[in-house]
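Whatever position you read off the sequence shown (first residue = 1), add 652 for the working numbering.
First up is the structure itself, then whatever we jot down about it.
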Amino acid sequence: MSDQPSLFDEEMLPQPSVPVSSARTERAPAKAKTGVEGSRQTLRVLHSSDWHLGRLLYGQKRYDEFAAFLDWMLSQIELLNVEVLLIAGDLFDTTTPSNRAQALYYRFLHQVARSRCRHVVIIGGNHDSPSFLNAPSGLLKALDVHVVGAACDNPADEVVLLKAENGAPEAIICAVPYLRDRDIRQSEAGETLEDKDRKLVQGIREHYAQVCAAAEELRESLQVDVPLIGMGHLFAAGGKTLDGDGVRDLYVGSLAQVGVDAFPDCLDYVALGHLHVPQAVSGCEQIRYSGSPLAMGFGEAKQQKSLCLIEFEGRRPQLELIDIPRFQRLERIKGDQAQLSAALDKLAQEQTSIWLEVLYEGEQVAADLRDWLEQHTDGTQLTILRVRNNRVVERILARSGEEETLDDLEPMQVFERALELHQVPETQQDELKRLFGSVLQSMAEQDHRAE
């Protein structure tokens, strides 16, 4: 017998690090639905994305945070009378998620299926394995969990019709997953990066146009004026990112950012994933990123995370942002040893679990900084995850003002420095970078679960 825990083994799951409300306490009364034909209906939709289950923060496991968030969201689904949950990609951090990450995912879907929420619609992101997400789709559909892990040969297969308890149509979802390069573009010999970017953006536009055309045709055939909701996992032009937030470039050459005009006007709301900062796109409130539910790095430590709650009255969306509690506190402190000592003492007095990033900015070389910090935090609830010591790096790298390790560099940056070190002529560098970028993208998009 294998010693691996079952995906549905409750005992192996981490317990929330902070108290969360029970999903079945203080239920708000469900809103009544009106008749089907010619009557106005209300529908409550919750938009989430970028869970990145299984993600580490400088080696620290975060399963307690993930469990606490999912339990909290389940309680919100009950208390807010959510009827449809949309998850816009990157449910997992890698294409080969751990057993614990899978257990969290399946337990949550099992619990949602028992809640007042009637439908869950999931699309794959660039971090997800399409084959892994799609594998149980037939079983999950029986629970009204609809999964589109990868682009379909027939765009109409990405259109999901949601029905109310009485069988009447209540919404149509254009569940467009992350579109891989090979899904939307054919490579041609001798094409430039500009040609490639143009084809990528055009391919994304055409794909959305085809899916939405199929959705409109379905709505017309049903003769009901239900909301038409789009989903996507991409980089929309004007979107904001933060340093260290873990957002990966989607395509080689540029981010192939698409404008809001790529989403057809027939869409009443567009639920996007990929960017971790909660935001509307180019001022369009009905086209939004929900953002990641947890801070993906210390640069997001002060950022308020949220979910998007959309209430439709007929086809008119009304948006409300639901603040997500912080399940693990992150702090970044900096200064010389005296300043760091004072900051650590102040944080320790709060007697709460805090994960720290420490940036030493003193003039003197502090070679034993890590040992000093560990001694200073011994017996407290402070955990130091990362130490950045400018003075040591300056001495080692002989680069004044730069603090840098290999972990701080992206693969392309390392490759560029190798080209510089080996004095490769500039006339050859662009083509070599393009080829190396293609290799990186191929590795990132490889679905290990399909092998």
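Don't be surprised by glycine CBs; every beta carbon is placed ideally from N, CA and C.
The model shown is predicted, which means the values in this text are computed figures rather than measured ones.
Simplified DSSP assignment, three categories, for residue i
i, result
"residue 710", "coil"
"residue 1009", "strand"
"residue 869", "helix"
"residue 795", "coil"
"residue 730", "helix"
"residue 981", "strand"
"residue 1055", "Low per-residue confidence applies at residue 1055: pLDDT is 49, beneath 50, and the placement is therefore not dependable enough to give any value."
"residue 1088", "helix"
"residue 853", "helix"
"residue 883", "strand"
"residue 595", "Nothing can be reported for residue 595: it is not among the residues displayed for the chain, which extend from 653 to 1103."
"residue 1040", "strand"
"residue 800", "strand"
"residue 936", "strand"
"residue 1035", "strand"
"residue 787", "coil"
"residue 689", "Caution is warranted here: a pLDDT of 45 is assigned to residue 689, below 50, making its placement in the model unreliable, and no coordinate value can be reported."
"residue 861", "helix"
"residue 1069", "helix"
"residue 616", "Nothing in the structure corresponds to residue 616, since the chain is present only between 653 and 1103."
"residue 915", "coil"
"residue 1079", "helix"
"residue 1018", "coil"
"residue 1002", "coil"
"residue 877", "coil"
"residue 951", "helix"
"residue 675", "Because the pLDDT of residue 675 is 36, which lies under 50, any placement of that residue in the model is unreliable, and the number read from its coordinates should be weighed accordingly. Coil, per DSSP."
Residue span of the alpha helix (DSSP H) that contains residue i, given as start and end
i, result
"residue 1113", "It is not possible to answer for residue 1113, since the shown part of the chain is limited to 653 through 1103."
"residue 775", "Segment 771-775 is the beta strand (DSSP E) holding residue 775; no alpha helix (DSSP H) there."
"residue 1029", "1021-1029"
"residue 976", "Premise fails: residue 976 is in no alpha helix (DSSP H) and is neither H nor E."
"residue 946", "Where residue 946 is concerned, there is no enclosing alpha helix (DSSP H), given that its DSSP letter is neither H nor E."
Residues bridged to residue i [DSSP beta-bridge criterion]
i, result
"residue 969", "964"
"residue 931", "941"
"residue 700", "739"
"residue 987", "1012"
"residue 818", "Looking at the DSSP assignment, residue 818 forms no beta bridge with any residue, so it has no partner."
"residue 744", "705"
"residue 1120", "Look at the range of the chain in this structure, 653 to 1103, and you will see that residue 1120 is not part of it."
"residue 958", "975"
"residue 695", "964"
Delimiting residues of the beta strand (DSSP E) encompassing residue i
i, result
"residue 821", "821-827"
"residue 751", "Taken as a continuous stretch (DSSP letters only), residue 751 belongs to no beta strand (DSSP E), being part of the alpha helix (DSSP H) at 751-765."
"residue 814", "811-815"
"residue 924", "921-925"
"residue 778", "From DSSP, residue 778 is part of no beta strand (DSSP E); its letter is neither H nor E."
Interface flag, residue i vs chain C, CB-CB below 8 Å
i, result
"residue 864", "No chain C is present in this structure, which holds just one protein chain."
Cβ pair count under 8 Å reaching 3, the region 715-731 against the region 987-994: By the C-beta criterion, the region 715-731 is judged not to be in contact with the region 987-994, since fewer than 3 inter-stretch pairs fall below 8 Å.
Inter-stretch contact (C-beta, 8 Å, three-pair minimum) for the region 927-937 and the region 782-796: The answer is no - the region 782-796 does not touch the region 927-937, with fewer than three Cβ pairs under 8 Å.
The region 760-769 contacting the region 996-1008, beta-carbon criterion three pairs below 8 Å: Fewer than three beta-carbon pairs drawn from the region 760-769 and the region 996-1008 are found closer than 8 Å, and the two stretches are therefore not classed as touching.
Segment contact flag, the region 831-838 with the region 797-808, C-beta cutoff 8 Å, min 3 pairs: The answer is yes - the region 797-808 touches the region 831-838, with three or more Cβ pairs under 8 Å.
Inter-stretch contact at 8 Å, needing at least 3 Cβ pairs: the region 863-872 / the region 743-757: The region 863-872, when compared against the region 743-757, does not touch it at the 8 Å Cβ threshold.
Segment contact, 8 Å Cβ cut-off, at least three pairs: the region 693-710 with the region 735-750: Yes, they touch.
Cβ pair count under 8 Å reaching 3, the region 909-922 against the region 852-860: The answer is yes - the region 852-860 touches the region 909-922, with three or more Cβ pairs under 8 Å.
Any 3 or more C-beta pairs closer than 8 Å across the region 940-960 and the region 970-986: The region 970-986 and the region 940-960 touch, with three or more beta-carbon pairs separated by less than 8 Å.
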